[in-house]
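> Structure incoming, see below.
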Amino acid sequence: MPEGPELFLAGQYVNRVCGGLVFSGKVEKSEISATQGGDQKPMDLVFRFGMSGSFKMVPVAEMPKHAHLRFYTKEKPLRVLCYVDVRRFGRWEVDGSWQADRGPCVMLEYEKFRENVLRNLSDKAFNKPICEALLNQKYFSGIGNYLRAEILYRLKIPPFEKARTVLEKLQHREETSGLTLSKKVKLKRENPDLLELCHMVPMEVINLGGKGYEPGRSEDYTAFVGWLQCYYVPGMKSLRDSNGRTIWFQGDPGPMAPKGNKSRKKQSQVKTDPGASKEKSRKKQLTVKTDADTSNPKVRKPVARKKSRTTSPPKAVEEARKPRKKPGTKTVKKVEDAAMANGTKTPNTRSKRKSAALQESPATDSESQKCRASSQKNRGKAAATTRARRGKAQ
DNA sequence: CGTCCACGTCTAC
DNA sequence: TAGACCTGGACGG
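In terms of this note's numbering, the first sequence opens at residue 6 and continues consecutively.
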């Protein structure tokens, strides 16, 4: 769930579903043993969503798997507000605060964000390709992998053009000298520059009104997939950047493209001959699942390629991608008054976890308590699951 | 079965 | 600049 828009939408969601509610009792962590509720002084909890964090309010009977932190309502059809995080890259922090090196929010602090970038162009962060600089949260707080692709695509900026080169040009725009105010506004709206798009594009996602990037069967997700113009879209190219992240784009990759990445554009829908190429081709999906009774599967099947190769996914279903929009922005209220449990951290590899599932080690450095979502006990049929470990650590 | 991939950080050579 | 950190879905054999 987690680029800027997803965080914003999660905040809205929590405030909406919790409006007027009272929570009581323990705040529960996913291990049965490990909890402690207590009260009751107001405190701030800072959540980071990692790759898969989200909030969900459900009846107790429908507790989601991977619900790592749970707040129970006081009123009687008991419900739970859950922090859910499948991959557990997320964490929460008691009395946490905004990270020191996180820049102004691209959505809520646009002017500050813009200034922060343009005033610091000498920073070596801007020596990098623009697609990599865009993931630097010190300057582009809220931008993530799908947003960088969508933003660059709008202007057809080559992703591996040097960031400073791209951004220096925007300084001149600051003196929009002789124009009247209305002309300036019009110019901005009709020809937004890169930094303006860093605000506008995430706002578009918010205004879709769903949950943003959250795979599932929902109409909302269908709308989100339809909104994407570049990321994972059939016909677009992709490359690995120097951090191994996939950048989707169209056209020229730009001068700083990693070597060994030949930019080939493959046509959509071409099937590779079996064994024809040394490059391994495989299929991937960004899928909109539909209900079984609805006989209209809208599926995308782009092809992703091995490291260091350009990709053009075969086009699959174009129909899933019709542009549409909804209005409606609300403001976020602050989430407060949460009673909390102590932080713990569960290390572990999959194999280790079996024996360690219930162990908890108190957070070691706890000037502030940071918590990784702790692992959950295996349940039911999943109990016997093992899995080859990746990497070679430990 | 196994491999690769995913909305992001983190820290250790 | 590699990995580590995780789970699970899609796909290939």
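All C-beta atoms in this analysis are idealised placements derived from N, C-alpha and C, irrespective of residue type, glycine included. The model shown is predicted, which means the values in this text are computed figures rather than measured ones.
Jot down the residue ranges of each uninterrupted alpha helix (DSSP H) in the stretch 80-115, minimum 4 residues, whole runs only, in chain order.
none
> By Cβ distance below 8 Å, which residues in the same chain neighbour V111 in space, the five residues on each side in sequence not counted?
The residue given as residue 111 occupies position 106 in the first sequence. Shown here for V111: same chain residues with a beta carbon closer than 8 Å to its own, the five before and five after excluded, namely G9, F118, F145, S146, G147, I148, C203, H204, P207 in chain order.
> For L157, tell me which candidate among S187, L213, L233, V91 has the shortest Cα-Cα distance.
Position 152 of the first sequence, counted from the start, is the residue given in the question as residue 157. Looking at the Cα atoms, L233 is the closest of the given residues.
> According to DSSP, G58 sits in a beta bridge with which residue or residues?
Your numbering for residue 58 matches position 53 in the first sequence. Per DSSP, D90.
> Check E33 in the structure and name its three-state DSSP category.
The count along the first sequence starts at 1 and reaches residue 33 at position 28. Here E33 sits in strand by DSSP.
> Shortest alpha-carbon distance to D198 belongs to which of V171, G214, L186, E219?
For the purposes of this step, residue 198 is taken as residue 193 along the first sequence, with counting starting at 1. Measuring from the Cα of D198, the nearest candidate turns out to be V171.
> What residue range does the beta strand (DSSP E) around I252 cover?
The residue given as residue 252 occupies position 247 in the first sequence. That run of the beta strand (DSSP E) goes 251-254.
> What runs of the beta strand (DSSP E), each 3 residues or longer, lie entirely inside the stretch 201-256?
Taken in chain order, the complete beta strand (DSSP E) segments of 3 residues or longer contained in the stretch 201-256 are 242-245, 251-254.
> Residue range of the beta strand (DSSP E) that F76 falls in?
By one-based count along the first sequence, residue 76 stands at place 71. Boundaries of the beta strand (DSSP E) around F76: 72-78.
> Within the same chain, show all residues whose beta-carbon is closer than 8 Å to that of A130, passing over the 5 residues directly before and after it, in chain order.
Translated into the one-based positions of the first sequence, residue 130 becomes position 125. These residues qualify, in order along the chain: A138, N141, K143, Y144, A168.
> Short of 7 Å in beta carbon distance, which residues of its chain neighbour L126, apart from the five on each side in sequence? Order them along the chain.
The residue you call residue 126 lines up with position 121 of the first sequence. The residues are R169, L172, E173.
> Within 10 Å of its beta-carbon, does H73 have 16 or more other beta-carbons around it, so buried, or fewer, so exposed?
The residue labelled residue 73 in the question sits at position 68 within the first sequence. H73 comes out buried.
> DSSP three-state label for S187, please.
For the purposes of this step, residue 187 is identified with residue 182 of the first sequence, where counting begins at 1. Collapsing the DSSP output to three states places S187 in a helix.
> Using a Cβ-Cβ cutoff of less than 8 Å, which residues in the same chain neighbour G25 once the five nearest sequence positions on both sides are dropped?
For the purposes of this step, residue 25 is identified with residue 20 of the first sequence, where counting begins at 1. Here the set comprises nothing.
> Let's test the definition: count the other Cβ atoms within 10 Å of the Cβ of G215 and tell me whether it reaches 16, buried, or not, exposed.
For this step, residue 215 is matched to residue 210 along the first sequence. The residue in question, G215, is buried, as its Cβ has 16 or more Cβ neighbours within 10 Å.
> On the CB-based measure, 16 or more other CB atoms within 10 Å of its CB, does M48 come out buried or exposed?
Here residue 48 corresponds to residue number 43 of the first sequence, with the count starting at 1. Label assigned to M48: exposed.
> I believe E166 touches G256 by the beta-carbon criterion, under 8 Å. Please report the beta-carbon distance rounded to the nearest angstrom.
Against the first sequence, residue 166 aligns to sequence position 161. Against the first sequence, residue 256 aligns to sequence position 251. Actually they do not touch by this definition, with Cβ atoms about 11 Å apart.
> Leaving out five residues before and five after D225 in sequence, what residues of the same chain have Cβ atoms less than 8 Å from its Cβ?
If you number the first sequence from 1, residue 225 lands on position 220. Closer than 8 Å at the Cβ level, and outside the excluded window around D225, lie L213, G214, G215, K216, E219.
> Is it the case that the Cβ atoms of F28 and K81 are separated by a distance below 9 Å?
Here the question's residue 28 lines up with position 23 in the first sequence. Here the question's residue 81 lines up with position 76 in the first sequence. No, these two residues do not count as a Cβ contact at 9 Å.
> Hey, how far is the Cα of L400 from the Cα of R153?
Residue 400 falls outside the range modelled here, since the chain spans only 6 to 399, and no answer is possible.
> Mind checking who S127 pairs with in its DSSP beta bridge?
Here residue 127 corresponds to residue number 122 of the first sequence, with the count starting at 1. Note: S127 sits in no beta bridge, so no partner.
> List the whole-angstrom C-beta distance separating V411 from V85, where the pair is believed to meet the contact cut-off of C-beta under 8 Å.
Residue 411 is absent from the structure shown; the chain starts at 6 and stops at 399.
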